[in-house]
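**Student:** Take this structure first; my questions come after.
In the numbering used here, the protein residues as written are 67 to 381.
Set out below in structure tokens:
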């Protein structure tokens with residue numbers, strides 16, 4: 067029993083001593099850096115321009131309840147090829163991922179945990195940075211950083227979305243277990259899925275129509291009250307998911323089937339509640355407005371996928 071406890075303590079200490087790099091220090095990168103730092107991990111943040119100077123001068127400043135706090139963090143604006151980390155968390159926008167992967171291509175770190183929205187296959191990314199370096203993931207958090215560099219971010223409610231990740235070339239691996247333990251130690255709820263590409267496509271099929279509701283109204287407070295706009299959103303949701311089902315013969319997570327098959331009027335009612343909830347104001351609205359350009363880019367990529375599938379069926 068004593069040997070078991072000694073081994074367990076040694077394992078925990080070894081995990082805590084791992085070096086983690088956050089490549090991209092916006093809301094998501096800063097949020098995960100905060101949780102990893104609180105858990106005791108050795109965290110370095112890669113940032114540029116104004117964000118680099120904020121972190122360098124003030125540390126990682128964040129709001130916890132009504133109190134402004136800060137943590138000291140190592141910050142860099144240059145990454146050398148021989149700067150080796152156990153995990154590099156790539157937390158950039160969709161239109162920045164290819165540039166980020168090219169920057170990381172020659173770095174000798176083995177694992178890149180990509181927390182990025184994408185329609186493209188992960189094999190496309192591996193063609194840039196190397197086979198089996200990508201460990202795809204998606205964040206379960208949201209929030210904002212104000213002009214003074216203060217982070218206000220929160221975990222997404224677990225019943226809606228946890229931090230999600232999975233291997234590309236196997237169902238299990240040592241690094242998957244280590245990453246799971248990092249999230250567990252950091253008190254970040256997580257899910258492991260067997261097909262992250264399909265999960266991403268389903269996720270985008272959902273969030274693109276939800277974001278479009280905000281773009282269709284003049285003020286966010288009206289988002290949940292326009293029946294016509296909500297009706298169009300539900301039509302788009304059902305169309306998107308039916309297209310995904312047609313291409314992949316499967317939806318994940320399984321709750322996507324509720325949206326596909328439940329009556330339209332019921333889903334409109336659910337959206338009315340959602341847009342008028344604290345979740346809507348805290349997560350959905352800020353992300354949709356800040357990421358408008360990114361969401362439109364992803365919407366175009368999603369429709370390209372659907373059109374390509376229809377063309378192949380017609381031929």
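The beta carbon of each residue, even a glycine, is placed where N, CA and C say it ideally should be. Note that this is a predicted model, so its numbers are computed, not measured.
1. Looking at the unbroken beta strand (DSSP E) that takes in residue 141, where does it start and where does it end?
2. According to DSSP, residue 131 sits in a beta bridge with which residue or residues?
3. Taking residue 240 as part of the alpha helix (DSSP H), name the residues at either end of that continuous run.
4. Give me, in chain order, the residues of the same chain whose beta-carbon lies closer than 7 Å to that of residue 173; leave out the 5 immediate sequence neighbours on both sides.
5. Go to residue 218, then tell me how far its beta strand (DSSP E) extends in each direction, as first and last residue.
6. If you pair each beta-carbon of the region 85-98 with each one of the region 153-162, do three or more pairs fall below 8 Å?
7. Helix, strand or coil for residue 202 per DSSP?
8. Within the same chain, show all residues whose beta-carbon is closer than 7 Å to that of residue 222, passing over the 5 residues directly before and after it, in chain order.
9. Tell me the start and end of each unbroken alpha helix (DSSP H) in the region 155-179 that is at least 4 residues and wholly inside, in chain order.
10. Would you identify the three-state DSSP class for residue 361, choosing helix, strand or coil?
11. Under the DSSP definition of a beta bridge, which residues are partnered with residue 211?
12. When you compare only the Cα positions, how much space is there between residue 109 and residue 211?
13. Grouping DSSP H, G and I as helix and E and B as strand, with all else coil, what is residue 75?
14. On a Cα-Cα basis, can you pick out the residue from 301, 259, 253 that is closest to residue 331?
15. Under a three-way DSSP split, which group does residue 254 fall into?
16. Between 115, 139, 133, 132, which lies nearest to residue 88 when the distance is taken from Cα to Cα?
17. Measure the C-alpha to C-alpha separation of residue 224 and residue 253 and round it to an integer number of angstroms.
18. Decide if residue 189 is buried, meaning its Cβ has at least 16 other Cβ atoms within 10 Å, or exposed.
19. Mind checking which residues open and close the alpha helix (DSSP H) that includes residue 83?
20. To which residues of the same chain is residue 257 closer than 6 Å at the C-beta, ignoring the five residues directly before and after it?
21. When burial is assigned at 16 or more other CB atoms within 10 Å of the CB, is residue 114 buried or exposed?
22. Tell me whether residue 374 is buried or exposed, calling it buried when 16 or more other Cβ atoms sit within 10 Å of its Cβ.
23. Pull up the DSSP beta-bridge partners for residue 108, would you.
24. Give me the Cα-Cα distance between residue 194 and residue 286, rounded to the nearest whole angstrom.
25. Going by beta carbon distance, what residues of the same chain come within less than 8 Å of residue 74, once the five residues before and after it are set aside?
26. Counting only runs of 4+ residues fully inside the region 285-323, write out the alpha helix (DSSP H) ranges in chain order.
27. Under 9 Å, do residue 107 and residue 248 count as touching if we go by C-beta distance?
28. Measure the Cβ-Cβ separation of residue 303 and residue 339 and say whether it is below 9 Å.
29. Report yes if the C-beta distance between residue 271 and residue 279 is below 9 Å; otherwise report no.
**Tutor:** Quick look at the numbers:
1. Per DSSP, residue 141 belongs to the beta strand (DSSP E) from 140-142.
2. In DSSP, residue 131 forms no bridge with anything.
3. For residue 240, the enclosing alpha helix (DSSP H) covers residues 240-251.
4. Within the same chain, residue 173 has close Cβ partners 145, 147, 149.
5. Residue 218 -> beta strand (DSSP E) spans 217-221.
6. With a cut-off of 8 Å, the region 153-162 and the region 85-98 count as touching, because enough Cβ pairs lie within range.
7. Reduced to three states, the DSSP call for residue 202 is strand.
8. Non-local beta-carbon contacts of residue 222 in its own chain, meaning distances under 7 Å to residues more than five positions away in sequence, involve 206, 207, 208, 349 in chain order.
9. Under the rule that a run must span 4 or more residues, the alpha helix (DSSP H) segments found entirely inside the region 155-179 read 163-170.
10. For residue 361, the secondary structure class from DSSP, reduced to helix, strand or coil, is helix.
11. Per the DSSP secondary-structure output, residue 211 pairs in a beta bridge with 217.
12. The C-alpha of residue 109 lies about 19 Å from the C-alpha of residue 211.
13. Model confidence at residue 75 stands at a pLDDT of 46, short of 50, so the residue's coordinates are unreliable and nothing is read from them.
14. The closest CA to that of residue 331, considering only 301, 259, 253, is found on 301.
15. Of the three classes helix, strand and coil, the one that applies to residue 254 here is coil, per DSSP.
16. That would be 139, whose Cα lies nearest to the Cα of residue 88.
17. Just so you know, the alpha carbons of residue 224 and residue 253 end up roughly 12 Å apart.
18. Residue 189 comes out exposed.
19. Careful: residue 83 lies outside any alpha helix (DSSP H) and carries neither H nor E.
20. So the qualifying residues of the chain are 228, 230.
21. Per the 10 Å Cβ criterion, exposed.
22. Exposed: under 16 other Cβ atoms inside 10 Å.
23. Answer is 85.
24. Here the alpha carbon of residue 194 sits roughly 40 Å from the alpha carbon of residue 286.
25. Only weak support is given to the placement of residue 74: the predicted model assigns it a pLDDT of 47, under 50, and the value that follows is read from those uncertain coordinates. There are no such residues.
26. 293-314, all fully within the region 285-323.
27. Note that the C-beta distance between residue 107 and residue 248 is below 9 Å.
28. No, these two residues do not count as a Cβ contact at 9 Å.
29. Contact flag unset, no.
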